[in-house]
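Let me begin by presenting the structure, written as structure tokens, before commenting on it.
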Amino acid sequence: MSFAHVVVYSITEIMAAQSAHNELNSALAGASTLIACAFTLSTFDRWLRRRQPHELAWTVAMALFSLGSSALWWAESSGWNLMAFRIFFLAGAVLNVAWLALGTVYLLIGLRAGNIARTWLVWLSGLATGVVLIAPTKSQVVSTEFPAGREIFGAAPRILAAVGSGVPAMFIIVGALWSAWRVLRKKNPAATKSTTRTVTSPKRLAGGNVLIAIGTLVLSASGTLAGRLGQDRAFAITLLCGVSILFSGFLVASNSTLNASSATRRLHPKLMQAANQ
1 MSFAHVVVYS ITEIMAAQSA HNELNSALAG ASTLIACAFT LSTFDRWLRR
51 RQPHELAWTV AMALFSLGSS ALWWAESSGW NLMAFRIFFL AGAVLNVAWL
101 ALGTVYLLIG LRAGNIARTW LVWLSGLATG VVLIAPTKSQ VVSTEFPAGR
151 EIFGAAPRIL AAVGSGVPAM FIIVGALWSA WRVLRKKNPA ATKSTTRTVT
201 SPKRLAGGNV LIAIGTLVLS ASGTLAGRLG QDRAFAITLL CGVSILFSGF
251 LVASNSTLNA SSATRRLHPK LMQAANQ
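Okay, so the sequence shown: first residue is 1 according to UniProt numbering, each after it adds one.
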């Protein structure tokens, strides 16, 4: 075999491997998007039926997650461009975790604190959207490479991502674990007496909260996996695993509580009135 044939064969093998790599990443991102869309529809349906503010906050959060995951799916299928990265960065790295944390604020601290936090979050979300969508770039986006925020953006978008994801993620994890611990001790899972939930299954609620904490941790682990799997594969895997665990936690926890209006219609001797503990 001549040298030219060896070169052509090697290039062909590399291109085939790259294509298979992109196809797997695209499939992972696509699965994440479909699960996130199902999660969004589930929380939206519950909000339509119960009108609980934390469920609306979760709906917004998962809609943003779906948007960010869709941008990743598109980029892995068709190649990265600047607009796809801006959408992925904004929805996935800056906004969605903060809106998920807003649901925790409503559940743990109450309606008044949640409404105040929501007002600020709406304003900050608008500000962050403007910053990320018009921020100047330091380098071009290469269609075949997963973009790194530190290489594309200056300080402002990266600070927004660090604050918008890191602080809310910690709040969700601590809040979920604290609530699970309180429930297992047969106490009010919220931090204030003004927030009342009737717990029908303490163990299920505790388990759901633990799953929510684990899902949030998994979504935060992409940086740890990036060194072993590559950034694009790490994001695709953590998105799929994280959103699946979060969805499971939501389903388990949601089926273990009743809101105040539902509780008055479905009294049962085995119900535990958490607010009275």
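Just so you know, even glycine gets a beta-carbon here, dropped at the ideal spot from N, CA and C.
In angstroms, rounded to a whole number, what distance separates the CA positions of Ala234 and Ala38?
If I take the Cα positions, the gap works out to 22 angstroms.
Which residue marks the beginning of the alpha helix (DSSP H) containing Ile214, and which one marks its end?
Its alpha helix (DSSP H) spans residues Pro202 to Leu219.
Rounded to whole angstroms, what's the CA-CA distance from Ala206 to Ser179? Just pull it up for me.
Their backbone Cα atoms lie some 7 angstroms apart in a straight line.
Would you say Arg46 reaches chain D, if we count a Cβ-Cβ gap shorter than 8 angstroms as a contact?
Annotation note: the requested chain D is absent from the structure, which comprises a single protein chain.
Euclidean distance between Cα positions of Leu177 and Leu184:
Rounded to the nearest whole angstrom, the C-alpha separation of Leu177 and Leu184 is 11 angstroms.
Roughly how many angstroms separate the alpha carbons of Ser77 and Pro202, rounded to a whole number?
So the two alpha carbons sit approximately 44 angstroms from each other.
Is it true that the region 46-53 meets the region 68-83, where meeting means three or more beta-carbon pairs spaced less than 8 angstroms apart?
With a cut-off of 8 angstroms, the region 68-83 and the region 46-53 do not count as touching, because too few Cβ pairs lie within range.
Entirely enclosed alpha helix (DSSP H) segments - the region 60-131, minimum 4 residues:
Counting only runs of 4 or more, we get 82-88 and 96-108.
What are the start and end residues of the alpha helix (DSSP H) that includes Val163?
Element bounds for Val163: Ala155 to Leu184.
So, for Thr40: in the same chain, excluding its five sequence neighbours on each side, which residues have a beta-carbon less than 7 angstroms away from its beta-carbon?
Excluding sequence neighbours, Thr40 sits near Thr59, Met62, Ala63 and Ser66.
I'd like the list of long-range same chain contacts for Gly149, defined as Cβ closer than 8 angstroms, with 5 residues on each side in sequence excluded.
Listed in chain order, the non-local C-beta contacts of Gly149 below 8 angstroms within the same chain comprise Phe89, Ala93, Pro157, Arg158 and Ala161, local neighbours out to five positions each way being set aside.
Candidates Asp232, Ser248 and Cys241, of which the one nearest residue 320 by Cα
The structure shown has nothing for residue 320, since the chain only spans 1 to 277.
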